[in-house]
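First up is the structure itself, then whatever we jot down about it.
Numbering (my numbering), first residue to last: 62 to 213.
Dropping the structure here:
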C-alpha cells in the first residue's frame, strides 16, 4: 500500500491542477484563445457531447456533469442560440429528445481542443518529450483507475 504522504502529495497536486484548469477564468481563457463564443458551462457540455459521439440525451448530460435538468436546459438554450447544438428526436421514440453537435459545434470542439493542447504545450515547453510521454501514460493510467473505482 502506498504511504499516506505520497498519496497526500498526489492529491495536493491533482487538486491544484483540476481546480485551476476547470476554473471559470481558465475556461474563459481557453474559449477566447479558441475564438469560440460560449461560456464555461457550455464548454463542458461540448466536451461531453464530443465524448458521447456527438449526440446525447439531456438527462445523460445532467448525469455526467452532476447538474440539474433545469440547469442543463438553460445551458443548452444558450448553446442552441449560438448554433453549437440542435435538438433532435430519436428515430425509435419521437418523444425522446437528443442533443446533437452541429457542424459549428464540432468546429468549436476542435478549436477548444487545439487551444487546450497549445496551452499545455506552453506549460510543458521545458519538459523533455520523454517526460511528457511518461506523464501522459501515468495520467491515463490514473484516469482509468478513477473510472474503474468510482465511475463504473
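Quick reminder that beta carbons are idealized off the backbone N, C-alpha and C, glycines included.
- Here residue 199 carries a helix assignment [DSSP, helix/strand/coil].
- Within the model, the alpha-carbon separation for residue 116 versus residue 105 is close to 14 angstroms.
- Of all alpha-carbon atoms in 108, 132, 139, the one lying nearest the alpha-carbon of residue 172 is that of 108.
- The criterion of a C-beta distance shorter than 7 angstroms is not satisfied by residue 97 and residue 165.
- Of all alpha-carbon atoms in 95, 64, 65, the one lying nearest the alpha-carbon of residue 176 is that of 95.
- The three-state reading of DSSP puts residue 148 in strand, counting E and B together.
- The stretch 127 to 135 and the stretch 193 to 211 do not touch, with fewer than 3 CB-CB distances between them shorter than 8 angstroms.
- The residues 101, in chain order, have a CB closer than 7 angstroms to that of residue 89 in the same chain once the five nearest residues on each side in sequence are set aside.
- Between residue 150 and residue 157 the beta-carbon gap is near 7 angstroms, inside 8 angstroms, which marks them as a contact.
- Annotation for residue 154: the continuous beta strand (DSSP E) segment containing it runs 154 to 162.
- Less than 7 angstroms separates the beta-carbon of residue 118 from that of residue 159.
- Residue 140 sits buried, since 16 or more C-beta atoms from the chains shown fall within 10 Å of its C-beta.
- Closest in C-alpha terms to residue 162, from the list 110, 184, 205, comes 110.
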